[in-house]
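Undergrad: Structure below; questions to follow.
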Amino acid sequence: MQQEIELAQLKKITDIIQKRFDFDFGNYAMSSFKRRIQRVIEIYKYASIDALIDRLNDADHKFFQEFLSEITVNVTEMFRDPTFWRELKESIIPNLLLNDREINIWHAGCSSGEEVFSMAILLTEMNLLGKAKIVASDVDNAILAKAREGKYPIKNMEVNQKNYERYEGSFLLQKYYKEEAGKAIMDKELVKNVEWREHNLVSGGSFAKFDLILCRNVMIYFNQQLQNTVLKTFHESLHKYCYLAVGSKESLIWCEIANKFVVVNNEEKIYKKVKD
Amino acid sequence: MSASQKYEIDESLPYKAIAIGGSAGSFQVVTKILSSLPTDFELPIMMCLHRLRHVRNGFTEALNIKSTINIEEPTDKEPIKKGKIYLAPANYHLCVELGNTFALSTEELFNNSRPAIDYMIQTAAHNYRHKLIAILLSGANKDGALGMKAASEKGALTVVQDPAECLIDTMPTSALKITKINHTLSVDKIIDLLLYIDQKIKKKK
Ligand SMILES: C[S@@+](CC[C@H](N)C(=O)[O-])C[C@H]1O[C@@H](n2cnc3c(N)ncnc32)[C@H](O)[C@@H]1O
């Protein structure tokens, strides 16, 4: 075990990154950010945190992309929280259909794309894929490339299949991929209309209006202040009476702008924008 | 230790929170502890118990049957409050942020666990320092040992369940191997210690 990283050192790192790469980690949740820095030091076998600081000071953008990939947490699953997906199928999507227009969906922080494939499968099984327009974004370019590829280690498919069963999907998940050299190759038809987009929630702001935004297990890596900012972006990006879904252990109630939303389903953390 | 002192603790009673970690063989122990606390217990308790990763409901409910105080799974950035008992949710690491709030994380498994006891106790120790009471119970892997080490280094009060009494003693034994632990106690004595501290805090008020 290395020496414990001090708060002042973390501050130094976020300052350098701001200066050299114009990226603001200052409002990330420090408990996890600290562990991620520790992790980077271990992966690159730096002798100390100062070695990492020096490396960042080189202002090498290629290195920063790699660094960003290691700092962000990309762990995800298909149909994570199966009951959430059932709620989408049984209540949220049918409600949106009443609007009688294209359904615009934004996956903010889509990671390697499992969430997007889950949505595409859900829509396919409801015979609605053609009626939906999906934007999937992440700040980490490398993980977006993986999402685009739609190839997952076959061993991950066990959990995915279990989630899909609990969700009560219509078939077997195998229907949507073929196995090749230890990988599950997802059916590209599912995501052929998805717009993959590099977008930083810290600075990117709103770029379109949506009927449903999923931002699950992303804001947990932010502090309260940044959560407030990002929530404003989502508020701005939602049509009135449309939906925002966050992770099952996240809550808007600590946020300033919470009064512009109502809780639609507290167990699954689905909110509806009710005020402009 | 003077005659009036039952346990060696910081007599200035700085304690602000309790963190409990447990795994295999700890369920009965935890329920025993939780069923013995007064409803107006003075300190918040956070618990990280290894549990099934993909079963979201049922575990907290099962613990709540015996607990005198209602147990909740915290949401992200929830303030840590006195009079509450918190349990790390399935498939999330539970951490403490500076300023006494929780933070959740879906980071990789640690010690093959999510939630990992090490993460909870390390971050709790970082936030509460000598004001933390860290307790490690029965379990079959070494999760929690690094947490107890961090707690010990920050001057927290550290307690492990007596390995002789544990169903599986790997967890407390691993902690004892790498750091100094203030108390090695049976479950009954752990309860007694907690009630003793609670009484002392009440008297001081
Ligand atoms: C744990 S994954 C969540 C994946 C999926 N939504 C789920 O719930 O399973 C978190 C994702 O948030 C992304 N992320 C972190 N900071 C971000 C930022 N500032 N802007 C956009 N995405 C960010 C990470 O790159 C990562 O892919």
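Note that the protein sequences, when read in sequence, are chains Y and A.
Position 269, counted from 1, in the first sequence is what this note's numbering calls 269; the numbers after and before it change by one each time, with no gaps.
Position 143, counted from 1, in the second sequence is what this note's numbering calls 1143; the numbers after and before it change by one each time, with no gaps.
No residue lacks a Cβ here, since even glycine has one placed at the ideal position from N, Cα and C.
#1: Contact criterion: CB-CB distance below 8 Å. Does R1051 of chain A meet it with respect to chain Y?
#2: What I want to know is whether the C-beta of D1143 of chain A ends up closer than 7 Å to one or more non-hydrogen atoms of ligand 1.
#3: Within the 8 Å Cβ cut-off, does H1054 of chain A reach chain B?
#4: Residues of chain Y with a CB under 7 Å from the CB of A1103 of chain A: which are they?
#5: I'd like the ranges of any alpha helix (DSSP H) spanning at least 4 consecutive residues and lying wholly in the region 1044 to 1087 of chain A.
#6: Distance, Cα to Cα, F33 of chain Y vs Y152 of chain Y?
#7: For T1075 of chain A and R216 of chain Y, I'd like the C-alpha separation in whole angstroms.
#8: Any idea what DSSP makes of I37 of chain Y, helix, strand or coil?
#9: Which whole-angstrom value describes the C-beta separation of Y243 of chain Y and V218 of chain Y, a residue pair presumed to lie in contact below a C-beta threshold of 8 Å?
#10: Chain A partners of Q224 of chain Y, CB-CB under 7 Å?
#11: Helix, strand or coil for L244 of chain Y per DSSP?
#12: Could you give the DSSP three-state label for D1118 of chain A: helix, strand or coil?
#13: Just tell me which of Y:Q227, Y:I92 and Y:R166 has its CA closest to the CA of Y81 of chain Y.
#14: Output, in chain order, the set of chain Y residues within a Cβ distance shorter than 9 Å of P1089 of chain A.
#15: With a threshold of 8 Å between beta carbons, is R35 of chain Y in contact with chain A?
#16: Is there a Cβ from chain Y that is less than 8 Å from the Cβ of Y1092 of chain A?
#17: Alpha carbon to alpha carbon, how far is V274 of chain Y from E198 of chain Y?
#18: Which residues in the same chain as K1204 of chain A place their Cβ atom closer than 8 Å to its Cβ, once the five residues preceding and following it in sequence are excluded?
#19: Are any of the Cβ atoms in chain Y nearer than 8 Å to that of M1001 of chain A?
#20: At the level of alpha carbons, what is the spacing between L1049 of chain A and Y1015 of chain A?
#21: Compare the C-beta of K162 of chain Y with all C-beta atoms of chain A and state if any pair is closer than 8 Å.
#22: How many angstroms separate the CA atom of K1200 of chain A from the CA atom of D1040 of chain A?
#23: How close, in whole Å, do the beta carbons of I257 of chain Y and H235 of chain Y come, if the pair is a contact with beta carbons under 8 Å?
#24: Who are S137 of chain Y's beta bridge partners in DSSP?
#25: Are G1139 of chain A and A1024 of chain A closer than 8 Å when you measure CB to CB?
#26: Should Y241 of chain Y be labelled buried (16 or more other beta-carbon atoms within 10 Å of its own) or exposed?
#27: Determine the direct distance from the alpha carbon of L122 of chain Y to that of E179 of chain Y, and round the result to whole angstroms.
#28: Residues in the region 194 to 219 of chain Y with C-beta within 8 Å of chain A's C-beta atoms, listed in sequence order?
#29: Check the Cβ of N81 of chain Y against every Cβ in chain A and list those closer than 8 Å, keeping chain order.
#30: How is the beta strand (DSSP E) around I1020 of chain A delimited, first residue to last?
#31: Between the C-alpha atoms of I1133 of chain A and K1154 of chain A, what's the straight-line distance to the nearest angstrom?
#32: Taking Cβ positions only, does E1097 of chain A come closer than 8 Å to chain Y?
#33: How about S281 of chain Y and K146 of chain Y: are their beta carbons less than 8 Å apart?
#34: Would M1 of chain Y be called buried (16 or more neighbouring beta carbons within 10 Å of its own) or exposed?
#35: Report the residues of the region 1143 to 1177 of chain A with a CB closer than 9 Å to any CB of chain Y, ordered along the chain.
#36: In this structure, how does DSSP classify N1111 of chain A when only helix, strand and coil are distinguished?
TA: Working from what's here:
#1: As a first step, residue 1051 of chain A must be located in the second sequence, where it is residue number 51. Put simply, the CB of R1051 of chain A is far from chain Y, with every gap to its CB atoms at 8 Å or more.
#2: If you number the second sequence from 1, residue 1143 of chain A lands on position 143. Because no heavy atom of ligand 1 lies under 7 Å away, the Cβ of D1143 of chain A does not count as near it: no.
#3: Considering every chain present, this structure includes no chain B. Its protein chains are Y and A.
#4: For the purposes of this step, residue 1103 of chain A is identified with residue 103 of the second sequence, where counting begins at 1. Simply A29, S31, S32 and I220.
#5: 1059 to 1066
#6: Position 33 of the first sequence, counted from the start, is the residue given in the question as residue 33 of chain Y. Position 152 of the first sequence, counted from the start, is the residue given in the question as residue 152 of chain Y. So the alpha carbons of these two residues sit roughly 26 Å apart.
#7: By one-based count along the second sequence, residue 1075 of chain A stands at place 75. By one-based count along the first sequence, residue 216 of chain Y stands at place 216. The alpha-carbon atoms of T1075 of chain A and R216 of chain Y are separated by roughly 13 Å.
#8: Translated into positions along the first sequence, residue 37 of chain Y becomes position 37. Residue state, collapsed to three classes: helix.
#9: In the first sequence, residue 243 of chain Y corresponds to position 243, counting from 1. In the first sequence, residue 218 of chain Y corresponds to position 218, counting from 1. Rounded, the Cβ-Cβ distance is 16 Å, inconsistent with contact.
#10: The residue you call residue 224 of chain Y lines up with position 224 of the first sequence. By Cβ distance, chain A contributes K1077.
#11: Mapped onto the first sequence, residue 244 of chain Y falls at position 244. Strand.
#12: The residue given as residue 1118 of chain A occupies position 118 in the second sequence. In this structure, D1118 of chain A counts as helix in the three-state DSSP scheme.
#13: Counting from 1 along the first sequence, the entry for residue 81 of chain Y is found at position 81. At residue 81 of chain Y the sequence reads Asp, which differs from the Tyr that was named. Nearest to D81 of chain Y by alpha-carbon distance, out of Y:Q227, Y:I92 and Y:R166, is Y:R166.
#14: Taking the second sequence and counting its residues from 1, the one referred to as residue 1089 of chain A is at position 89. S248 and K249, listed in chain order.
#15: Looking up residue 35 of chain Y in the first sequence gives position 35. Yes, its Cβ sits closer than 8 Å to a Cβ of chain A.
#16: Residue 1092 of chain A sits at position 92 when you count from the first residue of the second sequence. So yes, Y1092 of chain A belongs to the interface.
#17: The residue labelled residue 274 of chain Y in the question sits at position 274 within the first sequence. The residue labelled residue 198 of chain Y in the question sits at position 198 within the first sequence. Cα-Cα distance, rounded: 29 Å.
#18: Numbered from its first residue, the second sequence carries residue 1204 of chain A at position 204. Taken in chain order, the residues that qualify are L1013.
#19: Position 1 of the second sequence, counting from 1, holds the residue named residue 1001 of chain A. Only weak support exists for where M1001 of chain A lies, its pLDDT of 49 falling under 50; the value from the coordinates is given anyway. Chain Y, which has no Cβ nearer than 8 Å to the Cβ of M1001 of chain A, makes this no.
#20: For the purposes of this step, residue 1049 of chain A is taken as the residue at position 49 of the second sequence. For the purposes of this step, residue 1015 of chain A is taken as the residue at position 15 of the second sequence. Rounded to the nearest angstrom, the two C-alpha atoms are 22 Å apart.
#21: Stepping through the first sequence from its first residue, residue 162 of chain Y is reached at position 162. Output row for K162 of chain Y: interface = yes.
#22: Here residue 1200 of chain A refers to the residue found at position 200 of the second sequence. Here residue 1040 of chain A refers to the residue found at position 40 of the second sequence. Taking the straight line from one Cα to the other gives about 13 Å.
#23: To locate residue 257 of chain Y, count along the first sequence from 1; it is residue 257. To locate residue 235 of chain Y, count along the first sequence from 1; it is residue 235. Yes, I257 of chain Y and H235 of chain Y are in contact; Cβ-Cβ is about 6 Å, under 8 Å.
#24: To locate residue 137 of chain Y, count along the first sequence from 1; it is residue 137. Per DSSP, the beta bridge partners of S137 of chain Y are Y:A108 and Y:R197.
#25: For this step, residue 1139 of chain A is matched to residue 139 along the second sequence. For this step, residue 1024 of chain A is matched to residue 24 along the second sequence. In this structure, A1024 of chain A lies closer than 8 Å to G1139 of chain A by Cβ.
#26: The count along the first sequence starts at 1 and reaches residue 241 of chain Y at position 241. By the 10 Å Cβ count, Y241 of chain Y comes out exposed.
#27: As a working mapping, residue 179 of chain Y is identified with position 179 in the first sequence. As a working mapping, residue 122 of chain Y is identified with position 122 in the first sequence. If I take the Cα positions, the gap works out to 21 Å.
#28: N217 and M219
#29: Translated into the one-based positions of the first sequence, residue 81 of chain Y becomes position 81. Note that residue 81 of chain Y is Asp in the sequence shown here, rather than Asn. The contacting residues are R1056.
#30: Taking the second sequence and counting its residues from 1, one reaches residue 1020 of chain A at position 20. Counting along the chain, the beta strand (DSSP E) containing I1020 of chain A begins and ends at A1017 to G1022.
#31: What you label residue 1133 of chain A is simply residue 133 of the second sequence in a count that begins at 1. What you label residue 1154 of chain A is simply residue 154 of the second sequence in a count that begins at 1. So the two alpha carbons sit approximately 11 Å from each other.
#32: One-based indexing of the second sequence puts residue 1097 of chain A at position 97. Taking Cβ atoms only, chain Y reaches closer than 8 Å to E1097 of chain A, which makes this a yes.
#33: The structure shown has nothing for residue 281 of chain Y, since chain Y only spans 1 to 276.
#34: Mapped onto the first sequence, residue 1 of chain Y falls at position 1. Only weak support exists for where M1 of chain Y lies, its pLDDT of 46 falling under 50; the coordinates are left without a value.
#35: L1146, K1149, A1150 and E1153
#36: As a first step, residue 1111 of chain A is located in the second sequence; it is residue number 111 there, counting from the start. Reduced to three states, the DSSP call for N1111 of chain A is coil.
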